[in-house]
Each structure stands twice: as C-alpha cells, then as structure tokens.
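What follows is a set of notes on a single structure, which appears directly below.
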Amino acid sequence: PEATAANGEARDALVAWLRESGFEVRIDAIGNIFGLAGIAGPEAPWLLTGSHVDSQPNGGRLDGTYGVIASVIAARELRQRLAAPAMNLAVVAWTNEEGARFQPSVLGSQAYVGAIDTDWALAREDRDGITVRAALEAIGHLGTDQPAPRPAAYVELHIECGPLLERAGRRLAAFDRWWGCRKLEIRFEGVPAHTGPTPMAERKDALLAAAGVITELRQLVDMAPPGELHTSVGRIEALPNSPNVVPSTVTIFAELRSADPAVLETAFARTEALIEAEATRAGVGWSFARDELRRPGRFAPGLQRLANEVATGLGEPAMRLDTIAAHDAVPMARLCPSIVVATPSIGGICHSPLEDTRPEDLALGLDLLTGMLERLLVEGPDLAKAGETAS
C-alpha cells in the first residue's frame, strides 16, 4: 500500500533508476514521481506515460508496476534513438492509485489534474489516523517540486486485471470505455451490549444490519441487465470488535459499478432503500460516511485507433474492451487525450500474489507501448486527437 516502508523502497529504486538514466526527477506535493526528458525543446508539447507502484495488501507484482517499468524502458530507448522528436517525453508513477490505505483511489492523478485539492488529498487519513502528508514525509517522498508540464497526451500500459483477453485467445487490448462507480462508506450506529444476557429482541446490532446489506447488494446484480452491474463490499470495520460485545458501530465499504449511468443510478436508489430497511429491522441508525461518484466515460478515439494500428503491425490486433477498474488514465482524460492498453492476466487474477502474465505477453505489451510513444513523438500531438474509435 501507499507510503509504507516497502512502497518507499520501491519509490527510492525508481528515483535512482530515473536519475541514472539521465531523466530530470521531480516529486510533487502529493508525492507523484516524474522523470522528464526535454528531448524536443522548451516550447514543444509533452507526452506522458506511466502508472503506479503502490499495491494492495498481499497484492500482485504487476498491477501498476509493470506499466511504470515498461514506460521507463520505452522512454530510455526512444530518447536515445529519435533524432528530432516533435514532443518532449515524461514518465510518471502516480501516488495512491489503489486506495488500499488511503481513500479515495487515484489520488495523485486526481490532484494533478485539479479534480481534488492537494491540501485536501494530503489530509486523508488511514484507519490509524495517519495522514497522507505524514506518511509521505516519513518515507521522504513529500515533494516540493513542480509537477511535469501539462501533457498533450497520456498513454498507460497495464495488465488487464480480468479474464477476457485470455478467454478470447488475444494478447493485446485497447480500452474503449471506463465504467462508472459509486463508492460508499456506509456506517451503522447501534448500542454496545453484552452478547450473553442481553435479550435478543432488545439488541441494536449494527453488524446485523451490515450483514443484511452485504447479502442484498449481491442480489442487486440479478435485478440489473446481465453483465451490466458489479457490486461488492471489500472492507468491514466493526467496533468495539470484541467477541462478547454486540457491535455498536460498523462501517462497510461498498461499490456499485456500471458503464450505464441509468443502471448505476437505479442500483444506488435500491441500495439506499435496502440500507434503510435493514437498519430499521436491526433497530439501528445509519449514514453515508462517504459517497463518491465516478461517472463512466470513453478514452480518446485517436489513441484507440493508434493502439490498434501499432498492435496490428505487431501481428496482434488490439481487442477493444471496457475497463471496469479505475486507472490513472481516467482522471487524466479530463486533461488530455488518454488511454490504457493492456496485456492478458493469467486466469483473470489480479490483486493477489497469484497475479501473473506470460513473459512473452509482457514483452509484447512493451513493444505496443514503445510503438505508440514513438508514433506520437514523431508525428506530434494531433495524432492523439485524430481518427475513429478502433474496432
């Protein structure tokens, strides 16, 4: 997770590698790491590529990190090989993409594009009350540098994090749409009591209400059009968290995901209704401690077209997919043409130590990224804006 000791070691290794490779290294106020190569001159536009190096607790080795490593390798090659590029090139490792320790996710990229205030982001706390500011300071990555200049395009290489490429027998993807997401912290307030003598009918059990909501959130999926809604509860915090005390305060972290705004809105309305029903049945109060909406959208058609052209040239046309997970390319799409391209995840496994991708597919993804960056650097930023959506 972000700003742990292990994350600090990864960050330090990246900074050292960038400096050894001749990049100008900047760490901005939210801890985003940039490696700049001003290869086209001070007046030329910038091309940005990268991902993130934070992970999930006991997560995998490729999610995010693959994209950062590939971006550095590609940038090192291209800055040496291209004689007269039309754009400057920068690599980035974003802060707190995962949101495992600090909420919300994609924190660093949101701050970079101005979607959230940097001081507000730095004040976010983990479950122990440690702020982002304090955590970054503890590992020496609370930066003071200016971030990279606003880019004319952003390209991110990632693993798919799902099973569709592998099932289709395909090796490369260009993401077309990103799904919307409603992220909720739902807090139930009951009354602590002894689990032995307190009569069952008189208990105000916050965990009972939460359990009902968790079960019914899964049932919402069956009420939506097939394949158009994903729901989950990935974290539960129960207080006082003693085996012989009726839980008095319980917070669950729930998500509703869909590419269709109407499906998402209907699911949210049903969620509110079922929360109220379960809280009433358990005799407890409830509130939203957090209600965050990320609207669905589409990545740049010109970059989709470019991805498919380069992939086809490699003998592996890009499969067009949705990304149900968020990536830093989503907030970046507010700022400039943006895209995520992906390689297969073996078994569709992600956020797990079992997460893996075949070495030959990792190499192919690097070739796709390098080819896209080269075309953009040579032909200029208008290439990112041109063309129709890739098929």
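Residues 251 to 641 (the working numbering) are what the sequence shown spells out, left to right. Don't be surprised by glycine CBs; every beta carbon is placed ideally from N, CA and C. Note that the structure is predicted; figures quoted are calculated from it, not measured.
With a threshold of 16 other CB atoms inside 10 Å of the CB of Asp-313, please say whether the residue is buried or exposed.
buried
Where does Met-582 land, buried or exposed, given buried means 16+ other C-beta within 10 angstroms?
With 16 or more other Cβ atoms inside 10 Å of its own Cβ, Met-582 counts as buried.
For Leu-434 and His-577, what's the separation of their Cα atoms in angstroms?
19 Å
Between the region 279–298 and the region 362–381, do at least 3 Cβ pairs fall closer than 8 Å?
Yes, since at least three Cβ pairs between the region 279–298 and the region 362–381 fall closer than 8 Å, the two stretches touch.
Quick check: the region 484–499 against the region 424–431, are there 3 or more CB pairs under 8 Å?
no
What's the call for Asp-367, buried or exposed, on a 16-neighbour Cβ count within 10 Å?
exposed
Which whole-angstrom value describes the C-beta separation of Pro-631 and Pro-295, a residue pair presumed to lie in contact below a C-beta threshold of 8 Å?
5 Å
Touching or not, the region 473–480 and the region 449–464, by the rule of three or more beta carbon pairs under 8 Å?
no
With C-beta atoms as the reference, is Ser-588 less than 8 Å away from Phe-549?
yes
Using the C-alpha atoms, what's the distance from Arg-570 back to Gly-310?
24 Å
Go through its chain and collect everything with a Cβ distance to Tyr-362's Cβ below 7 Å, but skip five positions before and after it.
Asn-282 and Pro-397
Taking its Cβ as the centre, do 16 or more other Cβ atoms sit within 10 Å of Ala-451, making it buried, or is it exposed?
exposed
Can you pull the DSSP bridge partners for Tyr-404?
Leu-298 and Ser-588
Quick one: what's Thr-607 bridged to in DSSP?
Looking at the DSSP assignment, Thr-607 forms no beta bridge with any residue, so it has no partner.
With distance defined between alpha-carbon atoms, name the residue in Thr-481, Lys-454, Ala-456 and Asp-455 nearest to Thr-465.
Thr-481
Is the region 318–335 touching the region 611–627, taking contact as three or more C-beta pairs under 8 Å?
yes
With the cut-off set at 8 Å, would you say Gly-317 and His-391 are in Cβ contact?
no
Which residues share a DSSP beta bridge with Ser-508?
Gly-430
If you pair each beta-carbon of the region 380–387 with each one of the region 553–571, do three or more pairs fall below 8 Å?
no
Please state the DSSP three-state secondary structure of Thr-445.
coil
Rounded to the nearest angstrom, what separates Gly-285 and Gln-353 at their Cα positions?
26 Å
Please list the terminal residues of the continuous beta strand (DSSP E) segment that includes Gly-358.
No beta strand (DSSP E) contains Gly-358, which is instead part of the alpha helix (DSSP H) from 357–363.
Decide if the region 601–616 is in contact with the region 532–540; the criterion is three or more beta carbon pairs, one per stretch, under 8 Å apart.
no
What does the alpha-carbon distance come out to for the pair Ala-365 and Asn-346?
15 Å
By DSSP's criteria, Thr-481 is part of a beta bridge. Which residues make up the other side?
Leu-506
Relative to the C-alpha of Arg-329, which candidate in Pro-609, Val-342, Gly-272 and Pro-511 has its C-alpha closest?
Gly-272
Mind reading off the beta-carbon distance from Ser-301 to Glu-406? Whole number of angstroms is fine, and I expect it under 8 Å.
5 Å
Return the first residue and the last residue of the beta strand (DSSP E) that Ile-283 is part of.
283–287
When DSSP labels each residue in this structure, what does Arg-644 get in the three-state scheme?
Nothing about residue 644 can be reported from this structure: the residues present for the chain run from 251 to 641 only.
Taking 8 Å as the threshold (C-beta atoms), are Ala-557 and Ala-618 in contact?
The question names Ala, yet the displayed sequence has Leu at residue 618. Contact flag set, yes.
Grab the span of the alpha helix (DSSP H) containing Met-569 for me, first residue to last.
For Met-569, no alpha helix (DSSP H) encloses it; the enclosing beta strand (DSSP E) starts and ends at 569–573.
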